[in-house]
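S.K.: Please read through the structure below; I'll follow up with questions.
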DNA sequence: AACTCGGGGAC
DNA sequence: GTCCCAGAGTT
């Protein structure tokens, strides 16, 4: 920062905090100062918008109101509460961290940076957020909002989606941080980014920092922050089988350490080159669960987008011809009635056809 | 430093 | 359709 910017620091702080006190949203986790509650909210909020998190936050705290209750649970109920929220490693890591806090720290969440940061699922952002909000520690958060606000305010041209840029934004965040009330300051910057200094069509007309904003002064606010372009994602075709044995269907559990780890799904996989989906379905089921099945009909086709690829999947109704389940890949399996499916956590892609499956079968 | 990991809201 | 979201862990 140059001298002029340093001179403005105190005025920027004051204007931001005043705006925050008048305009901040009333959010459920702002009603609490319990470290556990704050931690739950921050785990859910990473890469996830506020309005998406709110109902999950209420349900999670109702079922697991304390770190002891979370640590005492099996993983499956935790994943069930996380179902649909995505990035399931957050739930797995939080569950692991809760066990560590209970077993190693007497159920008291550590309030120093090094020990808290060492817990699974806790990175620099979560550590700064929880410790500043719950324990008033002077640690500045650097998230997507913070990078966008400061990139515009000071015309920082480091691309926000490149890891090396992090430490550049961190310097600005720490210089601006209000050490008398770091938790409120951190939330104020993020709130400004969410409500005013938005990615597109920022409301500079009502921004409390407009007169300090370098990018606005130079009339190119939306040119900031800079971003590195990402390559397009591949598109895969898949086949999935709903295998009936009487009135029960086969579901399998995914390995915990991988994508969608610990969740349940109907067995499926990718088509080989020029392979027909029906043939792929039978082949994949033979490979993964060692069953010989007959394809009865096509239930539906679904599209789904993940972060790094997209899929088109054909879902087939199958009947068991012969064989007993021998798993090659899945870590567990169950034959279940359709009305029991709701007890298991499934990925979003499976929910795109489960409702249709239940509806068709009820006819 | 780049890649992996979800799902949905806003446009 | 695209972009982005109160990011962390792995390689």
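Numbering (this note's numbering), first residue to last: 5 to 367.
Built from N, CA and C at the ideal position, the CB exists for glycine as well.
Is residue 330 helix, strand or coil when you go by DSSP?
M.R.: Of the three classes helix, strand and coil, the one that applies to residue 330 here is coil, per DSSP.
S.K.: In whole angstroms, what separates the C-alpha of residue 218 from that of residue 159?
M.R.: So the two alpha carbons sit approximately 6 Å from each other.
S.K.: Short of 6 Å in beta carbon distance, which residues of its chain neighbour residue 102, apart from the five on each side in sequence? Order them along the chain.
M.R.: Hits under 6 Å: 71, 74 and 75.
S.K.: Nearest by alpha-carbon distance to residue 325: which of 349, 67, 136 and 289 is it?
M.R.: Taking only the C-alpha atoms, the option nearest residue 325 is 289.
S.K.: DSSP three-state label for residue 165, please.
M.R.: Residue 165: coil per DSSP, three-state reduction.
S.K.: Going by DSSP, name the residue or residues bridged to residue 301.
M.R.: BP columns for residue 301 point to 321.
S.K.: Are residue 197 and residue 164 touching if we call contact CB-CB under 7 Å?
M.R.: No; because the gap between Cβ atoms is not below 7 Å, this pair is not in contact.
S.K.: Look up residue 190 in the DSSP assignment and say whether it is helix, strand or coil.
M.R.: Residue 190: helix per DSSP, three-state reduction.
S.K.: Can you have a look at residue 188 and say buried or exposed, based on whether 16 or more other CB atoms are within 10 angstroms of its CB?
M.R.: Buried.
S.K.: Determine which residues share a DSSP beta bridge with residue 243 and list them.
M.R.: Note: residue 243 sits in a beta bridge opposite 273 and 318.
S.K.: So the candidates are 122, 331 and 256; which of them puts its Cα closest to the Cα of residue 338?
M.R.: Closest by alpha carbon: 256.
S.K.: Can you grab the Cα-Cα spacing for the pair residue 205 / residue 82, in whole Å?
M.R.: If I take the Cα positions, the gap works out to 38 Å.
S.K.: Which of the three DSSP states, helix, strand or coil, is assigned to residue 255?
M.R.: In the structure shown, residue 255 sits in a strand (DSSP, three-state: E or B).
S.K.: Contact between the region 274-281 and the region 218-232 is defined here as three or more beta-carbon pairs at a separation below 8 Å; is this criterion met?
M.R.: Because the criterion of three Cβ pairs below 8 Å is not met, the region 274-281 and the region 218-232 do not touch.
S.K.: So residue 337 is in the beta strand (DSSP E); what residue range does that whole segment cover?
M.R.: That run of the beta strand (DSSP E) goes 336-341.
S.K.: Take every Cβ of the region 261-270, pair it with every Cβ of the region 290-297, and state whether three or more of those distances are shorter than 8 Å.
M.R.: They do not touch, by the three-pair rule.
S.K.: Classify residue 191 as buried or exposed, calling it buried when 16 or more other Cβ atoms lie within 10 Å of its own Cβ.
M.R.: Buried, because 16 or more other Cβ atoms sit within 10 Å of the Cβ of residue 191.
S.K.: At what residues does the alpha helix (DSSP H) containing residue 56 begin and finish?
M.R.: From DSSP, the alpha helix (DSSP H) with residue 56 extends over 54-67.
S.K.: Rank 327, 342, 349 and 66 by C-alpha distance to the C-alpha of residue 365 and give the top, closest one.
M.R.: Ranking the options by Cα distance to residue 365, first place goes to 342.
S.K.: Any idea which residues DSSP pairs residue 308 with across the strands?
M.R.: Per DSSP, 315.
S.K.: In this structure, what does DSSP give as the bridge partners for residue 248?
M.R.: DSSP output for residue 248 lists 253 and 323 as bridge partner(s).
S.K.: Mapping DSSP to helix, strand and coil, what is residue 294?
M.R.: DSSP places residue 294 in coil when its eight states are reduced to three.
S.K.: Residue 112 and residue 132 - do their beta-carbons sit closer together than 7 Å?
M.R.: It is not a contact, given that the beta carbons lie outside the stated cut-off.
S.K.: Nearest by alpha-carbon distance to residue 46: which of 200, 272 and 97 is it?
M.R.: Minimum Cα distance to residue 46 is reached at 97.
S.K.: Contact check, residue 293 vs residue 259 under 8 Å by CB: the rounded distance?
M.R.: Actually they are not in contact, since the Cβ atoms of residue 293 and residue 259 sit about 14 Å apart, beyond 8 Å.
S.K.: Check the DSSP bridge columns for residue 86 and list the partner residues they point to.
M.R.: Residue 86 pairs with nothing; no bridge assigned.
S.K.: Output the residue ranges of the alpha helix (DSSP H) runs that lie fully inside the region 180-225 and measure 4 residues or longer, sorted by chain position.
M.R.: For the region 180-225, whole alpha helix (DSSP H) runs of length 4 or above, ordered along the chain, are 186-199 and 218-221.
S.K.: Using the C-alpha atoms, what's the distance from residue 287 back to residue 274?
M.R.: Each residue's alpha carbon lies about 10 Å from the other.
S.K.: If you pair each beta-carbon of the region 22-35 with each one of the region 169-178, do three or more pairs fall below 8 Å?
M.R.: Because the criterion of three Cβ pairs below 8 Å is not met, the region 22-35 and the region 169-178 do not touch.
S.K.: For residue 68, count neighbouring Cβ atoms within 10 angstroms of its own Cβ and tell me buried if that reaches 16, exposed if not.
M.R.: Classification for residue 68: buried.
S.K.: Note down, in chain order, each residue of its chain lying with its Cβ closer than 6 Å to the Cβ of residue 242, except the 5 sequence neighbours on either side.
M.R.: For residue 242, where only same-chain residues beyond five positions count, the Cβ hits under 6 Å are 272, 274, 315 and 317.
S.K.: Looking at residue 99: is its Cβ nearer than 7 Å to the Cβ of residue 79?
M.R.: In contact: residue 99 and residue 79 (Cβ atoms closer than 7 Å).
S.K.: What is the residue span of the alpha helix (DSSP H) that residue 148 lies within?
M.R.: From DSSP, the alpha helix (DSSP H) with residue 148 extends over 148-158.
S.K.: With a threshold of 16 other CB atoms inside 10 Å of the CB of residue 221, please say whether the residue is buried or exposed.
M.R.: Residue 221 comes out exposed.
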